[in-house]
Amino acid sequence: MDAPTTRDVRWEIDFRVNLGETGSRFAQGLIDRELLGTRCDGCGRVAVPAVAFCERCLEPASEWVTVAGEGTVESFTVVHIAPGGPSRPYVLAVMRLDGTDGLFMHYLGGIELGPQG
19 MDAPTTRDVR WEIDFRVNLG ETGSRFAQGL IDRELLGTRC DGCGRVAVPA VAFCERCLEP
79 ASEWVTVAGE GTVESFTVVH IAPGGPSRPY VLAVMRLDGT DGLFMHYLGG IELGPQG
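Each residue of the sequence shown is one higher than the one before, counting from 19 in the numbering used here.
Pasting the structure below:
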C-alpha cells in the first residue's frame with residue numbers, strides 16, 4: 019500500500035520571544051498604532067521593521083522615525099494553505115513603504131477574495 023501524500027497536521031505552539039530593546043520599541047509602536055523605523059547614523063538608510071544596526075554599512079541605527087503606512091506593493095501572493103495566519107484565503111504582500119529603503123512584508127487587508135472556481 020502506498021503512503022498518503024498529504025496528512026492533516028495541527029500545530030499549537032506557545033513560546034516567548036525576547037525582542038530586545040529595538041524590537042520592543044517597534045512592537046510598542048504597533049500597539050500604539052504607530053509604524054516606527056530607524057535611520058542609520060552612517061548612510062541614512064531607513065529600515066522598517068526597526069533595526070539596531072544598518073544591514074548595509076553596519077553602523078548604529080539610532081534615530082527613530084515615524085513611517086507613513088503607505089507605499090508600493092512590489093509583490094504579493096494569495097495564501098490558500100498555511101499552518102497559521104489569518105483566515106484563509108489572505109494576501110501576503112511585500113511592500114516598499116514611502117520614506118524607507120527596504121522592503122516590508124505583511125498581510126494586506128481590505129481585499130475581497132471571492133470563491134475560487
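Built from N, CA and C at the ideal position, the CB exists for glycine as well.
Fair warning: this is a prediction, and the values are worked out from it, not measured in the lab.
Cut-off 7 Å between Cβ atoms - residues of its own chain near Glu45, not counting five sequence neighbours on either side: It should be noted that the sequence gives Ala, not Glu, for residue 45. Contacts found: Leu37.
Rounded Cβ spacing between Leu199 and Val66 (contact assumed at less than 8 Å): The structure shown has nothing for residue 199, since the chain only spans 19 to 135.
As assigned by DSSP and simplified to three states, the class of Leu48: helix
Contacting residues, own chain, Cβ-Cβ under 8 Å from Gly87 (five flanking each side not counted): Leu53, Leu115
C-beta atoms of Arg57 and Glu81 nearer than 7 Å: yes
Per-residue burial, Thr118 [other beta carbons within 10 Å of its own, 16 or more giving buried]: buried
Buried versus exposed, by CB contacts within 10 Å (16 or more), Thr90: Here Thr90 is exposed: its Cβ has fewer than 16 other Cβ atoms, across all protein chains shown, within 10 Å.
Simplified DSSP state of Gly60, which is helix, strand or coil: Look at Gly60 here: in three-state DSSP terms it is coil, with no helix or strand label.
CA nearest to the CA of Ala79, picked from Gly62, Val85, Thr95, Ser105: Gly62
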